[in-house]
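Notes follow once the structure below has been shown.
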Amino acid sequence: MTEIDLDPVRRLRILAAGVPGAAVTERVVAAPFEEVWALVADFEDGFGRFEPDMRDVTVSKVDGERVELLARSRFGMRARLSGVHRPGWFWAQSRFLLIGVAAHPEGEGTRVALTGGIRIPGRAALVPFGVRRAARGSLDRLEALLSPGPR
Amino acid sequence: MTDADESLVRRAQGGDTLAMGALLDALTPYVTRICGPIALSAGPDAAQEALIQVFRNLRRLREPAALYGWARAIAVREAVRVATRDARAAPADLTELPSRGDPLLGSDIRDVLRRLSPEHRAILVLRDVEGLDEESAAALLAVPKGTVKSRLHRARESFRKAWSS
Numbered sequence: 001m002t003e004i005d006l007d008p009v010r011r012l013r014i015l016a017a018g019v020p021g022a023a024v025t026e027r028v029v030a031a032p033f034e035e036v037w038a039l040v041a042d043f044e045d046g047f048g049r050f051e052p053d054m055r056d057v058t059v060s061k062v063d064g065e066r067v068e069l070l071a072r073s074r075f076g077m078r079a080r081l082s083g084v085h086r087p088g089w090f091w092a093q094s095r096f097l098l099i100g101v102a103a104h105p106e107g108e109g110t111r112v113a114l115t116g117g118i119r120i121p122g123r124a125a126l127v128p129f130g131v132r133r134a135a136r137g138s139l140d141r142l143e144a145l146l147s148p149g150p151r
Numbered sequence: 001m002t003d004a005d006e007s008l009v010r011r012a013q014g015g016d017t018l019a020m021g022a023l024l025d026a027l028t029p030y031v032t033r034i035c036g037p038i039a040l041s042a043g044p045d046a047a048q049e050a051l052i053q054v055f056r057n058l059r060r061l062r063e064p065a066a067l068y069g070w071a072r073a074i075a076v077r078e079a080v081r082v083a084t085r086d087a088r089a090a091p092a093d094l095t096e097l098p099s100r101g102d103p104l105l106g107s108d109i110r111d112v113l114r115r116l117s118p119e120h121r122a123i124l125v126l127r128d129v130e131g132l133d134e135e136s137a138a139a140l141l142a143v144p145k146g147t148v149k150s151r152l153h154r155a156r157e158s159f160r161k162a163w164s165s
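Line by line, the protein sequences give chains P and Z. Read in UniProt numbering, the first sequence has 94 at position 94, and its numbers run on one by one without any break. Read in UniProt numbering, the second sequence has 68 at position 68, and its numbers run on one by one without any break.
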C-alpha cells in the first residue's frame with residue numbers, strides 16, 4: 001500500500017523525545033550530505049572540530065555499526081562512549097554523556113540535527129542547562145568548516 | 001514479542017538510550033505500516049508523531065509484552081489526527097466512490113484511499129491489515145460500531161472491485 005521510511009533526522013527527534021531535558025537543534029547547511037557526513041564519521045579528527053564533547057577522541061572498537069570511543073569532554077571528563085553509527089546517524093552514550101547527530105539530504109543542502117548533553121547518571125535524562133546554546137555553537141562551527149571560502 | 005524484545009523494553013525504560021534506539025528500529029516498520037495507509041502523504045509525519053508519543057511515555061508502559069498493542073493504538077490515533085489536520089487528506093463521503101465499471105475505479109487505488117476519511121482508512125487498516133474485530137477496531141478509534149459498519153462494508157467492496165478489475 002503506502003511504503004514509508006523514517007529518515008535519520010526524524011529518528012533523532014523521536015529518540016530525543018524519550019530523553020527528558022534533551023533538546024534537538026536543527027539547521028539546513030549548504031553542503032552535500034556526503035561532505036557533511038564525512039566530517040561527522042571522522043571521529044578522531046573531523047567530529048571534534050565542531051563538537052567540543054568529541055575532542056580528543058580515540059576509536060577503541062568498531063563492530064559493524066556498533067562503535068566504542070574514548071573521549072575527553074569540554075569539562076575535562078574522560079568518557080567511554082558506546083554507540084551506533086550508520087550513514088546519517090550517530091548516537092552514543094557514556095555514563096555521563098549523551099550525543100546524537102543525524103543528517104539527511106534536503107534540497108541542495110543537508111539537514112543536520114544535534115542533541116545531547118550531560119547525562120543524569122543511570123537515567124535517560126540530561127541536565128537541562130545550555131544544551132541549545134551548545135548545539136547552536138556546534139552547528140555554527142560545522143557550517144564554517146563546510147564553507148571555507150567562496151565556492 | 002520475544003523475550004529479547006521484552007528485555008529491550010525494560011532496558012529502555014531503565015534509561016539505556018542505546019536500547020531505546022534498538023527499540024525504535026524494531027517499532028518503526030510496524031508503526032509506519034499502520035500510519036502509511038491512514039495518513040497517506042502525511043505518513044512520515046504521523047509515524048514520527050506516534051513514535052514520539054511512544055518514547056515520551058515508554059516508562060508508563062507497565063507490561064513490556066503489551067508494547068505492540070499499545071504502540072498500535074497510539075499509531076492509529078496519531079495517524080487519524082495528523083491526516084485530519086492535514087489539508088491534503090480532505091475526507092469525502094464513500095458515496096462519491098466510483099461505481100463498478102467506472103474506468104476511474106481500477107486506475108488508482110491510492111485515489112480510492114484518498115477519498116475515504118482518515119477514520120475509515122483506520123478501520124480498514126485495523127480490520128484488514130491488523131486483523132482486529134470490528135468491535136475492537138471501533139473501540140480503539142472511539143467510533144460507534146454501528147455507524148461505521150455499513151461504510152466499512154462498502155469501502156471493502158470498492159477495494160475488492162478495484163483490485164480485481
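C-beta atoms are modelled at their ideal positions from N, C-alpha and C, and glycine is treated no differently.
Within chain Z, the residues that residue i reaches when beta carbons sit closer than 8 Å
{"i": "Ala4/P", "result": "Position check: residue 4/P holds Ile in this sequence, whereas Ala was assumed. Under the 8 Å cutoff, chain Z gives Thr32, Cys35, Gly36, Gly43, Pro44, Ala47."}
{"i": "Trp91/P", "result": "Thr17, Leu18, Gly21"}
{"i": "Val84/P", "result": "Leu18, Gly21"}
{"i": "residue 175/P", "result": "Lying before the first or after the last residue shown, residue 175/P is absent from chain P, which here runs from 1 to 151."}
Test: residue i CB closer than 8 Å to a CB of chain Z
{"i": "Ile14/P", "result": "yes"}
{"i": "Ala41/P", "result": "no"}
{"i": "Val19/P", "result": "yes"}
{"i": "Ala71/P", "result": "no"}
Contact set between residue i and chain Z, taken where Cβ atoms lie within less than 7 Å
{"i": "Arg123/P", "result": "Gly15"}
Neighbouring residues, chain Z, relative to residue i (Cβ below 9 Å)
{"i": "Ser94/P", "result": "Residues of chain Z passing the Cβ test: none, with the nearest at roughly 11 Å."}
Proximal residues of chain P, C-beta to C-beta of residue i below 7 Å
{"i": "residue 168/Z", "result": "Not covered by the structure: residue 168/Z. The range shown for chain Z is 1 to 165."}
Cutoff 8 Å: residue i Cβ touching any chain P Cβ
{"i": "Ile52/Z", "result": "yes"}
{"i": "Arg56/Z", "result": "yes"}
{"i": "Pro91/Z", "result": "Caution applies to Pro91/Z, whose pLDDT of 48 falls short of 50 and renders its modelled position unreliable; the value that the coordinates give is listed next. No - not a single Cβ of chain P is within 8 Å of the one on Pro91/Z."}
Pairwise C-alpha distance: residue j and residue i
{"i": "Leu146/P", "j": "His153/Z", "result": "57 Å"}
{"i": "Glu49/Z", "j": "Glu78/Z", "result": "7 Å"}
{"i": "Val59/P", "j": "Phe90/P", "result": "14 Å"}
{"i": "Leu15/P", "j": "Pro44/Z", "result": "15 Å"}
{"i": "Ala41/P", "j": "Leu6/P", "result": "21 Å"}
{"i": "Val101/P", "j": "Leu12/P", "result": "7 Å"}
{"i": "Val62/P", "j": "Gly117/P", "result": "23 Å"}
{"i": "Ala42/Z", "j": "Leu51/Z", "result": "14 Å"}
{"i": "Ser150/Z", "j": "Glu157/Z", "result": "11 Å"}
{"i": "Asp16/Z", "j": "Leu24/Z", "result": "13 Å"}
{"i": "Arg132/P", "j": "Asp133/Z", "result": "47 Å"}
{"i": "Thr2/Z", "j": "Arg11/Z", "result": "14 Å"}
{"i": "Arg95/P", "j": "Pro121/P", "result": "6 Å"}
Beta-carbon neighbours of residue i, restricted to chain P and to distances below 8 Å
{"i": "Leu24/Z", "result": "Arg11, Ile14, Leu15"}
Distance cut-off 7 Å: residue i Cβ against heavy atoms of the ligand ADP
{"i": "Ala22/P", "result": "This structure does not include the ligand ADP; it has no bound ligands of any sort."}
* Which runs of the alpha helix (DSSP H) fall wholly inside the stretch 1-64 of chain P and span at least 4 residues, in chain order? -> 8-17, 33-41
* Would you check if the stretch 30-50 of chain Z and the stretch 61-81 of chain P touch, i.e. whether three or more CB-CB distances between them fall below 8 Å? => no
* **the stretch 30-37 of chain P contacting the stretch 58-68 of chain Z, beta-carbon criterion three pairs below 8 Å** => no
* Asked: Is the stretch 108-122 of chain P touching the stretch 14-34 of chain P in the sense that three or more CB pairs, one from each, lie closer than 8 Å?
  -> yes
* Could you tell me which uninterrupted alpha helix (DSSP H) segments, each at least 4 residues in length, are contained entirely in the stretch 2-83 of chain Z, listed from first to last along the chain? => 3-13, 17-39, 43-56
* Using 8 Å as the threshold, is the stretch 2-22 of chain Z in touch with the stretch 44-58 of chain P, meaning 3 or more CB pairs across them? -> no
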